[in-house]
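Asker: Below are the C-alpha cells for one structure; questions will follow.
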Amino acid sequence: MRGHRPLALSDYLWALPALILVVGVIHAGIAANAFYSLFDWSGVGSPTDFVGGANYSKLLQDPIFWQALRNTLVFAVATVAIQLTLGLALAILVRTKTRLRGLLRTLVFVPVVLAPAVVATSYRILLTPDGGFNHLLQSLGLHGFDQPWLADPKTAFGTIILINVWQYTGYSFLIYDAAIGQIDRGLFEAARIDGATTWQLNTTVVAPMLRGSHLVLIVLGFISSLKMFDLVFLTTGGGPGTTTQVLTGYIYKQVIAQFHAGYGAALSIVLVLIALVFSILQVRLSTSESQ
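The sequence shown lines up with residues 1 to 291 when you count with my numbering.
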C-alpha cells in the first residue's frame, strides 16, 4: 500500500482562514471579556477602575442574575424535552402510517428556516389581548381562556417556551426521521413475528436505536438555549418585570441599556463557562458514539 504523503506547510494554509476566525474573533473576544470583567467600566473609553473580582462577587448576590439563570435552564429543559418527544412522535408517524409524507415533512420543517425575528414579531402581534389568537378562542366559545398571553406573568414564560417548540420541533423531527430510516427493517419484521405491538416496537426497538440522536439533540438543544435572545427580546423584553429574563437578555441590558460593561463582561464569562461544559460534553458524546 502506498504510504501517506507527509503534510507540507501549504496544507496547513487551507485551515488558516478558519483559524484566524476562531482565534481572532471568538477566542480574542472571550479573552477581552475576561479582562474587562475585572474593571468597573461603562463601555466608553478605556477601562481604568480596576476592581478585581468585585463584579463576580456582585454577580453571586444579584437576584436577577439567579432568576435569569434559572429561567435559562428551565427554558432549556422544557424546550428540549418537548421538542424531542414531539419530533420523535412525528418521525414515527411519518415512517409508519401517514399518507402525504413529503407534504408533512415540509410543513413540520418550514418553521425551522424562518427568521426568529419574524416568528417573534408575528407571535407578539397574534398574542396581544385583541390579537388573532384571542379572537379565535372567542369565536370557538372559549371566552374564559382569552388573556394577554405575553403580558401576564403567569403565562408569559410558558408562552415563549411553546413558541420556541413550535419553531424548532421540525429540527428534532428531521434528525429522528433520518435516523429511523437507517434502522435495519429486519429488526421491525423480527419484532412483529415475536408478537410485539406498535408501542413495544417503538419503545424497545426504535427508541434505543436512536440513542445517538437523543444525545446530540439534547446537547445541541441546551447550547442553543443558552444563546437564546431574540425571541425574548422581541416578545416580552424580559418582562413582565423580570419573569422572562434570560442570561443573554440580562447581559444586553447591563451592557447596552445601563452601560455596566464590566459587569456585563462578568456575566458573559459565566455564560461562556456554562456553554463550555456542554461543548465538552458534546465532543465526548460524539467521540464515544463514533467508536
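By construction, the Cβ of each residue, glycine as well, lies at the ideal position given by its N, Cα and C atoms.
What separation, rounded to the nearest whole angstrom, lies between the Cα atoms of Val-277 and Thr-72?
Answerer: Rounded to whole angstroms, Val-277 to Thr-72 spans 15 Å at the Cα level.
Asker: Among Gln-258, Val-51, Leu-84, which residue has its Cα nearest to the Cα of Ser-172?
Answerer: For the residues Gln-258, Val-51, Leu-84, the minimum Cα distance to Ser-172 belongs to Leu-84.
Asker: Look at the alpha carbon of Leu-86 and the alpha carbon of Pro-129, and state the distance between them as a whole number of angstroms.
Answerer: The alpha-carbon atoms of Leu-86 and Pro-129 are separated by roughly 29 Å.
Asker: Note down the Cα distance separating Val-293 from Thr-248, rounded to an integer number of angstroms.
Answerer: There is no way to answer for residue 293, as the model of the chain reaches only from 1 to 291.
Asker: In the DSSP assignment, find the unbroken alpha helix (DSSP H) run with Gly-158 in it and report its ends.
Answerer: It spans 156-181 - the alpha helix (DSSP H) in which Gly-158 sits, taken as one unbroken run.
Asker: On the DSSP letters alone, give me the boundaries of the alpha helix (DSSP H) that Asp-40 sits inside.
Answerer: Looking at the DSSP string, Asp-40 is not in any alpha helix (DSSP H), and its letter there is neither H nor E.
Asker: Which term fits Lys-253, buried or exposed, when burial requires 16 or more other beta carbons within 10 angstroms of its beta carbon?
Answerer: Burial call: buried.
Asker: Assign Phe-50 to one of three DSSP states: helix, strand, or coil.
Answerer: In this structure, Phe-50 counts as strand in the three-state DSSP scheme.
Asker: I'd like the list of long-range same chain contacts for Leu-285, defined as Cβ closer than 6 Å, with 5 residues on each side in sequence excluded.
Answerer: So the list reads Leu-215, once near-sequence residues are dropped.
Asker: Count the other CB atoms within 10 Å of the CB of Pro-47; is the residue buried (16 or more) or exposed (fewer)?
Answerer: Label assigned to Pro-47: buried.
Asker: Just list the alpha helix (DSSP H) runs in the segment 215-265, keeping only unbroken ones of 4 residues or longer that don't cross its boundaries, in chain order.
Answerer: 230-235, 247-252, all fully within the segment 215-265.
Asker: Who are the near neighbours of Leu-126 in its chain, counting only those whose CB is closer than 7 Å to its CB and skipping five residues on each side?
Answerer: Contacts found: Gly-132, Phe-133.
Asker: Excluding five sequence neighbours on each side, which residues of the same chain lie with their C-beta closer than 7 Å to the C-beta of Thr-155?
Answerer: Excluding sequence neighbours, Thr-155 sits near Gln-147, Trp-149.
Asker: Determine, using beta carbons only, whether Leu-201 and Ile-274 come nearer to each other than 8 Å.
Answerer: For Leu-201 and Ile-274, no; Cβs fall outside 8 Å.
Asker: Going by DSSP in three states, Leu-271 sits in which element: helix, strand or coil?
Answerer: It is helical.
Asker: 8 Å is my cut-off, CB to CB: does Asp-146 come that close to chain B?
Answerer: Here chain B cannot be found, since the structure has a single protein chain.
Asker: Let me know if Gly-186 comes out buried or exposed under the rule of 16 or more other beta-carbons within 10 Å of its beta-carbon.
Answerer: Counting Cβ neighbours within 10 Å, Gly-186 comes out exposed, since fewer than 16 surround it.
Asker: Tell me whether the beta-carbon of Ile-180 lies closer than 8 Å to the beta-carbon of Ala-91.
Answerer: A contact, by the Cβ cut-off of 8 Å.
Asker: Quick check on this structure: which residue in Gln-67, Tyr-263, Gly-29 has the alpha carbon closest to the alpha carbon of Lys-58?
Answerer: Nearest option by C-alpha distance: Tyr-263.
Asker: Are there 16 or more other CB atoms within 10 angstroms of the CB of Pro-27, so buried, or fewer, so exposed?
Answerer: Reading off the sequence shown, one finds His at residue 27, where the question assumed Pro. Exposed, since its Cβ has fewer than 16 Cβ neighbours within 10 Å.
Asker: Does DSSP put Ala-15 in a helix, a strand or coil?
Answerer: Looking at Ala-15 - three-state DSSP - the assignment turns out to be coil, as it is neither helix nor strand.
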